[in-house]
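Numbering (the numbering used here), first residue to last: 608 to 1052.
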């Protein structure tokens, strides 16, 4: 019995000691806990600089640590394809629970886009913040890789499309219609006789509505668009997208690989024609659907950017073109930049994988096919005004490639909108700007 009592006393005593130790350790850990918050602001709102100016950044650094943080800030400048260009550093001293602002000035650069990596190595904290800046992007010049028979190939393709009876149909979808909008399911025959579909949303009452023609991003299922009060909105699903998957229905990763080895059979030949057939539908049914065929704007993002450029280039019934983060622009440079990333990234990733698995099919052969589909090769045919939006951190659509295409558009009244802290997207401010840009050009109240 004495032994048991002694054992109980020992256990209770040990528990008290351990609890005290745990409390001490927890207190010590709590004292060591903290975070560092870093806010990076470029010297210009969109991180686009003139070549005559130094590139300036301010870094506001806030520490919540309960001990001083000492170390250094190293900032490396790289080309967009990760070639090291310069490196510098400065000391960092952060008093506990305080904030400091550090100013960084980078050397002047020639036109192009550059990466800057801000690396903090402090007493209790290490991190790298990555940003991109541009210098005189309107002066970027890229090489065209346009085949000698480029124009005849596409003219022949369009002539073949014209020979296919469209068999246009539209029916109101009463379940999708609202008190303010009528929604129509639209169907038509396109390239190779394949049926494609889309959704047309028209405000109730009134007539002669300008048309926002929205073409799809990569394998995006386009739905009715209810957001535009002053426009009729036509959202089309090209083959393999949304409700146009009857015949061609590849999975997400395979879409841009369908018949990639054949210029004539590549899936984008049909997808490009589907977009032109959509314009045919709008023009043929404008009166019945209370539309103004003289005011068509084509709009798309990512893959939709490439489709929008193609439509604006090849169909003069389109009066305005607006797009965001245009996929595939300048495929030669885009492929090279994508291949330089430390981690293989889509869409270059799927092309790399395909080439590895298919003996005899090479990068050169892939790019030779893409020379017929690269939106940059259509840029000089775009006579309408253009609005382009990009995110500087975009790895799918390198900014250099977007501007390489932008600078080849025929119209000199084009505008661009750059979002410094976005990747493969833009922000709400861009879409607000786009809305008023369209209304101003169409002289809408």
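Just so it is clear, CB atoms sit at the ideal spot from N, CA and C, and this is done for glycine as well.
Is it buried or exposed, residue i, if we count other Cβ atoms within 10 angstroms and call 16 or more buried?
{"i": "residue 661", "result": "exposed"}
{"i": "residue 1033", "result": "buried"}
{"i": "residue 676", "result": "buried"}
{"i": "residue 754", "result": "exposed"}
{"i": "residue 1086", "result": "Within the shown structure, residues of the chain are numbered from 608 to 1052, placing residue 1086 beyond reach of any answer."}
{"i": "residue 993", "result": "buried"}
{"i": "residue 982", "result": "buried"}
{"i": "residue 717", "result": "exposed"}
{"i": "residue 1051", "result": "exposed"}
Rounded to the nearest angstrom, what separates residue i and residue j at their Cα positions?
{"i": "residue 700", "j": "residue 953", "result": "40 Å"}
{"i": "residue 710", "j": "residue 653", "result": "17 Å"}
{"i": "residue 731", "j": "residue 663", "result": "27 Å"}
{"i": "residue 910", "j": "residue 935", "result": "7 Å"}
{"i": "residue 1016", "j": "residue 955", "result": "25 Å"}
{"i": "residue 979", "j": "residue 786", "result": "45 Å"}
{"i": "residue 788", "j": "residue 692", "result": "55 Å"}
{"i": "residue 811", "j": "residue 991", "result": "29 Å"}
{"i": "residue 856", "j": "residue 656", "result": "44 Å"}
{"i": "residue 948", "j": "residue 941", "result": "11 Å"}
{"i": "residue 924", "j": "residue 903", "result": "7 Å"}
{"i": "residue 964", "j": "residue 957", "result": "11 Å"}
{"i": "residue 817", "j": "residue 899", "result": "5 Å"}
{"i": "residue 1003", "j": "residue 932", "result": "8 Å"}
{"i": "residue 968", "j": "residue 872", "result": "16 Å"}
{"i": "residue 715", "j": "residue 743", "result": "11 Å"}
{"i": "residue 670", "j": "residue 643", "result": "4 Å"}
{"i": "residue 761", "j": "residue 876", "result": "9 Å"}
{"i": "residue 1009", "j": "residue 866", "result": "26 Å"}
{"i": "residue 1057", "j": "residue 1041", "result": "Since the first residue of the chain shown is 608 and the last is 1052, residue 1057 is not available in this structure."}
Compare the beta carbon distance of residue i and residue j with 7 Å and say whether it is the shorter of the two.
{"i": "residue 641", "j": "residue 672", "result": "yes"}
{"i": "residue 996", "j": "residue 1030", "result": "no"}
{"i": "residue 928", "j": "residue 905", "result": "yes"}
{"i": "residue 1006", "j": "residue 725", "result": "no"}
{"i": "residue 727", "j": "residue 734", "result": "yes"}
{"i": "residue 829", "j": "residue 884", "result": "no"}
{"i": "residue 708", "j": "residue 737", "result": "no"}
{"i": "residue 840", "j": "residue 907", "result": "no"}
{"i": "residue 649", "j": "residue 1027", "result": "yes"}
{"i": "residue 845", "j": "residue 891", "result": "no"}
{"i": "residue 943", "j": "residue 988", "result": "no"}
{"i": "residue 768", "j": "residue 806", "result": "no"}
{"i": "residue 853", "j": "residue 773", "result": "no"}
{"i": "residue 778", "j": "residue 1011", "result": "no"}
{"i": "residue 974", "j": "residue 939", "result": "yes"}
Could you please give the first and the last residue of the uninterrupted beta strand (DSSP E) stretch that includes residue i?
{"i": "residue 643", "result": "643-649"}
{"i": "residue 812", "result": "Residue 812 -> no beta strand (DSSP E), and no H or E assigned at all."}
{"i": "residue 1000", "result": "Run containing residue 1000: none; DSSP gives neither H nor E here."}
{"i": "residue 724", "result": "719-729"}
{"i": "residue 664", "result": "662-670"}
{"i": "residue 960", "result": "It is not in any beta strand (DSSP E) - residue 960 instead sits in the alpha helix (DSSP H) that spans 955-964."}
{"i": "residue 1026", "result": "1022-1026"}
Got a sec, what are the start and stop residues for the alpha helix (DSSP H) residue i sits in?
{"i": "residue 689", "result": "Per DSSP, residue 689 belongs to no alpha helix (DSSP H) and is neither H nor E."}
Who are residue i's beta bridge partners in DSSP?
{"i": "residue 791", "result": "779, 807"}
{"i": "residue 928", "result": "905, 993"}
{"i": "residue 840", "result": "808, 819"}
{"i": "residue 655", "result": "741"}
{"i": "residue 799", "result": "BP columns for residue 799 are empty, so no partner."}
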